[in-house]
Each structure stands twice: as C-alpha cells, then as structure tokens.
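Undergrad:
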Amino acid sequence: MTHSSDFLRRLDARGFIHQITDAAALDAAAAKGPITAYVGFDCTAPSLHIGNLVSIMMLRHLQQAGHRPIVVMGGGTTKIGDPSGKDEARQLLDDEQIRANMASIRRIFERFLRFGDGPTDAVMINNDEWLSQLQLVPFLRDYGRHFSINRMLTFDSVRLRLEREQPLSFLEFNYMIFQAYDYLELNRRFGCTLQMGGSDQWGNIVNGTDLIRRVEGREAFGLTTPLITRADGAKMGKTAKGAVWLHEDQLPHFDYWQFWRNTHDADVGKFLRLFTDLPLDEIARLEALAGAEINTAKAVLATEATALCRGRDAALAAAETARTTFAEGGAGEDLPTHAVPAPITIIDALIGLGFAASKNEARKLVAQGGARIDGVAAGSDTAMVGPGQKVSAGKKRHGMIVAG
RNA sequence: GGAGGGGUGGCCGAGCGGUCAAUGGCAGCAGACUGUAAAUCUGCCGGGUUUCACCCUACGUUGGUUCAAAUCCAACCCCCUCCA
Numbered sequence: 021m022t023h024s025s026d027f028l029r030r031l032d033a034r035g036f037i038h039q040i041t042d043a044a045a046l047d048a049a050a051a052k053g054p055i056t057a058y059v060g061f062d063c064t065a066p067s068l069h070i071g072n073l074v075s076i077m078m079l080r081h082l083q084q085a086g087h088r089p090i091v092v093m094g095g096g097t098t099k100i101g102d103p104s105g106k107d108e109a110r111q112l113l114d115d116e117q118i119r120a121n122m123a124s125i126r127r128i129f130e131r132f133l134r135f136g137d138g139p140t141d142a143v144m145i146n147n148d149e150w151l152s153q154l155q156l157v158p159f160l161r162d163y164g165r166h167f168s169i170n171r172m173l174t175f176d177s178v179r180l181r182l183e184r185e186q187p188l189s190f191l192e193f194n195y196m197i198f199q200a201y202d203y204l205e206l207n208r209r210f211g212c213t214l215q216m217g218g219s220d221q222w223g224n225i226v227n228g229t230d231l232i233r234r235v236e237g238r239e240a241f242g243l244t245t246p247l248i249t250r251a252d253g254a255k256m257g258k259t260a261k262g263a264v265w266l267h268e269d270q271l272p273h274f275d276y277w278q279f280w281r282n283t284h285d286a287d288v289g290k291f292l293r294l295f296t297d298l299p300l301d302e303i304a305r306l307e308a309l310a311g312a313e314i315n316t317a318k319a320v321l322a323t324e325a326t327a328l329c330r331g332r333d334a335a336l337a338a339a340e341t342a343r344t345t346f347a348e349g350g351a352g353e354d355l356p357t358h359a360v361p362a363p364i365t366i367i368d369a370l371i372g373l374g375f376a377a378s379k380n381e382a383r384k385l386v387a388q389g390g391a392r393i394d395g396v397a398a399g400s401d402t403a404m405v406g407p408g409q410k411v412s413a414g415k416k417r418h419g420m421i422v423a424g
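Take any residue in the first sequence, count from 1 to its spot, add 20: that is its number in this note's numbering.
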C-alpha cells in the first residue's frame, strides 16, 4: 500500500504498522495537515522499558512528520490498577508515588520528543485529571449507554478469558471503557484523532473511536504496532534478569548499549528500522553485511539506539568501553567497579561486582573456569585481586576492582 | 448438591513408602566452537557453609500413621471434568 502522508510512509517503511482502523482516511488526514495523536503509558514504575520503545519511537516519527504527539500517563488507571495479564492484584500506588514516577518518566520522553507550547510540540497529560472527576451515574447515563455488552464480549481481551473460563472482574471489564473515555476526552481537549498502541490494545482503541463517533459524530482513528519478537521467537526486551529499562538509574549506559550490541543477526535490520533514526538506505547497507561483518551493524545499532535514549556522549563512551574491553581485552571506563581498601578473594570480588549472588554461585563460576582475573582463569577460590585488576565472569561480564 | 481427576522446584511435566533436593523438557549460568551472533556439543542448575563433606528449607495447607512420607490416612483450601 502506498501512502501519501509522510507520517504513514515512514511508519510503514520502518515496520511499525500492524493494523489501522481506516488507513486511507487516516493517510488523507495526515497528508492534509497536522494531526494530534496519543499513546497511553502505565506509570507503575519510575521508568519505562524496551517494551514501550516502539510506541515512543512512533510518537517521535509522528512529531518529525509534522504532527503533535500526546503522551498520556495512566495516573488514573494506575490508581485503579489494571489487572490484565496479572494473577495478583497490582499493588496500588498512592498519588505521591505516581507523581514521582511521572516526573521520572517525563525525563525519558524529553529525549525522544520536543515538548512545549508550539503547534507540534509534545504534550504530556495525566488521565487522572478527568478520570477521578467522573461521577458514576452521570457517566453511565452519558457514556455507558454507548457501550454494548454484546459487543464488548466479542473483544479478544474479554472473549478469550471467558472462553477459557478464567475469571474476569467487573473492574477489569470496565478498563476498556475508561480507555475509550480517555480518547474521547483527548479528542475534545486537543482535537486528538489518532490513538496508537501495541496490537493488544486494538480492542480498547476501537472502543475509543466508536465512542467518539457516537458521542461527537467525529471520525477518529486507531493504529497498532505488531508485537515485536526476536528471531528466536522470544518477546523483545524480556531478559531473564528482567526488563531492559530506559532510565539510567535502572540500567547503566554500558549495559543498555550491550543489550543492543547483543542483538541476534537476523534482527539487526528490523531493530535498526524500529529503534534508530538512521536513513533507510543506510540501514539497508548495514543489514546486508554478512558473517562477522554484521558486528559493525550491531555496534551502529547499539550506539544509535543508546544515543537516542541516553544521549550521544553516553553512547560513544559505552561504545568505546566495549571496544577496549572486547576488542582489546582491556578495561573500559564504563565497566562496573568495586572499591576495596585491600586485596580480596576472587569470591568476594565476584559478589562485590554483582556477578554472583552468593559465595556458592561465585565458587561455581571459579570451578567452571568462568571467573577470570585480568583475563586469566582464577584457578582457585583463594586467588586474590586488588585495585587495578579486572575481574570477569563469563565472556560478557567485566568489572574493575578499584582502591577505596 | 453428586461422581471423578488434579495441585511437584522460574515454567512445563514425571515420580506415588526408604537408594528423592526429586527423571525429562524449556528458561538460566559456565565451558568448547565462533563473530560479544545463531546452531551444536559439554558441565552446572533449591539455598547456605569451613565444599571430594556437611547443614538448612522444599512436592497446596494443617494434622496423623510409620524407624522412614512428595508418595499412605484425615480435614481443609483451590483448580478441572462429568452428572443434577
């Protein structure tokens, strides 16, 4: 499909599009002039993770294509606690925690989007502003009548649960109504005519466009991204250690860079398109690299992706650390450190650097030859390390012992 | 309400009186091979320690039988299937 709007052409070429409610009409609207679009984000944690990055990049492209992005923080919905996909009720956060999380998350968005008061400057807003003001009876009379239970039951999120006879609470059932109302509110306040999100949000988004049509008689659109998976089928960004955080307080620059550097060969092109701003012809060139050459492309991916999220200086420093550490077998400046006043055993060093959770685990590393001091296998548990020496666990985890 | 089946380590899933910290698979960690990749092969894989050993905690919950229980019994909780 050929799009006439810069916005959809970009998204399409880069692999962001899964479904659109009315692609031709959205394309026409985006070609005609600036549109306003939003994506909603959870604020249960002080940082977002890689899983949110596709949406963030989409907002970035939106703005670059001359449109206005709205970032909706789910402050109100967080207070309710979205139970989907969870076995236990989420720990409910109080206002103060939510405010702190929002402030922290905003700093991430400021790297990807330009905020301000201009016509295409990004806006961040908390849906608690309107959700907590709602009154049940008026709300049900004004909006509840537009939602058909018959239809809500056909949405995957509900239908699958019912078919599997899994419990679905009334609270959860209402979640999609709140989200639909968010969209309506944004349509009224900002003239927002597009909601974007992951493919799992399709049902919620369609509910919003329907509500806007019924209440306001206006057309609004929805667009979802595909679920991004890795070449081996695993969900993107879920490592055994947990989420890959965007915020540096949660994950050091070097580790963030390394995450991207360790991308599977088969994913390099896809990730370059989704997670960097590099021109497509440049990406095509990098993607075509074969054999060990593809490592160049991975380094570019890592540096570009890190530059977006953490700043170019941090990205270049991480790249340099990786180069000296891996290519030269040395030790770069970004490696984690453990300060000690006097030499300690390799066991304590591994624990101090966070490479082993217990002495038992550290001993296993030594026994299996995975623990190295300045690149040489430690040999025994009693080997000593002092300031200035590099300690490694396996091939990818390296750290420095420093005086202190 | 009646009948039957089941709840096991991060997940799936064996075991059904001692030799069980519990087969196997997945995930994870480490090693070899490589390109800081994939695939493959090997080892580790509940926790701890003074580690060729020892000590804790574990098989839904609580009691009981037994020299000895994940395995038998009872009660309870939860899940599933069939009948009403």
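Every residue, glycine too, gets a C-beta built ideally from N, C-alpha and C.
For the alpha helix (DSSP H) holding Ile118, just list the boundary residues, first then last.
TA: That run of the alpha helix (DSSP H) goes 115-132.
Undergrad: Tell me the rounded alpha-carbon separation between Leu133 and Pro299.
TA: 19 Å
Undergrad: Would Thr341 and Asp333 be called neighbours here (beta carbons separated by less than 8 Å)?
TA: no
Undergrad: Return the CA-CA distance between Gly86 and Ala57, expressed in angstroms with no decimal places.
TA: 11 Å
Undergrad: Opposite Ser412 in the DSSP bridges: which residues?
TA: Arg392, His418
Undergrad: Anyone know if the C-beta pair for Gly419 and Pro361 falls short of 8 Å?
TA: no
Undergrad: In three-state terms, what does DSSP make of Gly228?
TA: helix
Undergrad: Can you pull the DSSP bridge partners for Gly60?
TA: Val92
Undergrad: Tell me, please, whether the region 31-49 touches the region 112-126 by the rule of three or more beta-carbon pairs shorter than 8 Å.
TA: no
Undergrad: Does Lys416 pass the burial test, meaning 16 or more other C-beta atoms within 10 Å, or should it be called exposed?
TA: exposed
Undergrad: Do three or more CB pairs link the region 278-293 to the region 136-154 at distances below 8 Å?
TA: no
Undergrad: List the endpoints of the continuous alpha helix (DSSP H) containing Gly372.
TA: 366-372
Undergrad: Would the beta-carbon of Asp264 fall within 8 Å of that of Thr41?
TA: Note on residue identity: the sequence assigns Val, not Asp, to residue 264. Contact flag unset, no.
Undergrad: Specify the secondary structure class of Asn194 as computed by DSSP and reduced to three states.
TA: Residue state, collapsed to three classes: helix.
Undergrad: Give me the residue from Lys384, Ile364, Gly211 with the minimum Cα distance to Arg238.
TA: Nearest in C-alpha terms to Arg238, of all of Lys384, Ile364, Gly211, is Gly211.
Undergrad: Are Ala387 and Pro407 closer than 8 Å when you measure CB to CB?
TA: no
Undergrad: Look at the Cβ atom of Val91, then the Cβ atom of Leu79, and state whether they are nearer than 8 Å.
TA: yes
Undergrad: Is the beta carbon of His273 closer than 8 Å to that of Ala337?
TA: The criterion of a C-beta distance shorter than 8 Å is satisfied by Ala337 and His273.
Undergrad: Just to confirm, is the Cβ distance from Ser67 to Leu266 under 8 Å?
TA: Remark: C-beta atoms of Ser67 and Leu266 approach each other more closely than 8 Å.
Undergrad: When you compare only the Cα positions, how much space is there between Ile421 and Lys384?
TA: 20 Å
Undergrad: Identify which residue in Gln39, His38, Ala49 has its Cα closest to the Cα of Asp26.
TA: Between Asp26 and the set Gln39, His38, Ala49, the nearest pair of CA atoms involves Ala49.
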